[in-house]
Ligand code: THU
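In our numbering, the protein residues as written are 1 to 139.
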């Protein structure tokens, strides 16, 4: 039996083949497992305006919210690219992950060469701006 980590990597690799990346040629796949144990995936979808491009990670998060609703929580996400060392989520995707994932959520980065590196969300975005940040202020 594959480990959950391996299952997520396999799913992310599969979905990366669906990338719409005619501008960069850079294919990204992401697969999330939620607290409820369901897996959702996403791939990058580019745009001729460039700025309207949506990353694989955010695509996966949108799918997860659409299926489970606003209480969806992320336990782990695998991201597969062709980069070595394996590439991590961009800053914008980290910020969106923070909205739905705890500090300890596992960010599993992999590539086609079999390299895998795992971080916690807190390691990649240690001083995250959170919902709490909005509430914990002086009046
Ligand atoms: N990309 C992602 O899908 N995820 C990331 O975390 C980094 C970048 C995509 C966006 C664009 O389509 C291509 O990779 C090159 O930046």
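Quick reminder that beta carbons are idealized off the backbone N, C-alpha and C, glycines included.
From the DSSP output, in three-state form, read off residue i for me.
i, result
"residue 42", "strand"
"residue 118", "strand"
"residue 33", "strand"
Do you know how far the Cα of residue j is from the Cα of residue i?
i, j, result
"residue 96", "residue 84", "24 Å"
"residue 20", "residue 63", "17 Å"
"residue 131", "residue 24", "34 Å"
"residue 8", "residue 27", "16 Å"
"residue 2", "residue 137", "46 Å"
"residue 46", "residue 36", "30 Å"
"residue 56", "residue 93", "9 Å"
"residue 76", "residue 106", "4 Å"
"residue 120", "residue 91", "15 Å"
"residue 113", "residue 139", "53 Å"
"residue 135", "residue 99", "14 Å"
Exposed or buried, which one is residue i when buried takes at least 16 other CB atoms within 10 Å?
i, result
"residue 81", "buried"
"residue 16", "buried"
"residue 69", "exposed"
"residue 51", "exposed"
"residue 86", "buried"
Mind checking whether the beta-carbon of residue i lies closer than 7 Å to any heavy atom of ligand 1?
i, result
"residue 48", "no"
"residue 70", "no"
"residue 86", "no"
"residue 24", "yes"
"residue 224", "Any question about residue 224 goes unanswered here, given that the chain covers just 1 to 139."
"residue 44", "yes"
"residue 21", "yes"
"residue 53", "yes"
"residue 102", "no"
"residue 126", "no"
Between the Cα of residue i and the Cα atoms of the options, which residue gives the shortest distance?
i, options, result
"residue 72", "2, 11, 38 and 22", "38"
"residue 89", "46, 30 and 134", "30"
"residue 101", "115, 15, 65 and 111", "65"
"residue 22", "53, 75 and 40", "53"
"residue 60", "42, 79, 6 and 67", "42"
"residue 74", "44, 33 and 48", "33"
"residue 6", "104, 109 and 48", "109"
Taking 7 Å as the cut-off, is the C-beta of residue i nearer than that to any heavy atom in ligand 3?
i, result
"residue 28", "As for ligand 3, it is missing from this structure, which binds only ligand 1."
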